[in-house]
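Just so you know, we're using the working numbering here: the sequence shown kicks off at 59 and counts up by one. All C-beta atoms in this analysis are idealised placements derived from N, C-alpha and C, irrespective of residue type, glycine included. The model shown is predicted, which means the values in this text are computed figures rather than measured ones.
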Amino acid sequence: MSLDIRLRLALLAAGVVGIAMILAIVFLAGRRDAAPAIETATDKAVSAELEGEGADLAADLAEALHQQSLAQQQALSALERAAIQAEDADAPLDPARADRLRAHDDQLCGTAPHLDGCGQPPD
């Protein structure tokens, strides 16, 4: 090989290395500049996803509570109808049983004073 070909190959190699270095610098600078934007976009996406999941869970919970409330109302209505239609519905209550029921009511009102009838004195 002649000196002229070696010089051309060396210059060509130096040019390729120079271009590769410039591309690497531009690439790394672009990544560095874009990193905060990428991080912010990722955080927003995660936040939106969590908000969506939270809203879905809240809706599911609200529906479950509504269904539970309906079931409780139906059960209470059935018990109330059964109590009204019972053979001994109009019979006087045994005083010992009335005392036990009153004690249970007092215990319940002590635990949950916000319930209806808890703030009123018994008849």
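Supposed close pair residue i, residue j - CB separation, criterion 8 Å
i, j, result
"A141", "A147", "6 Å"
"L173", "C167", "7 Å"
Continuous alpha helix (DSSP H) stretch holding residue i: start and end
i, result
"A156", "P153 to T169"
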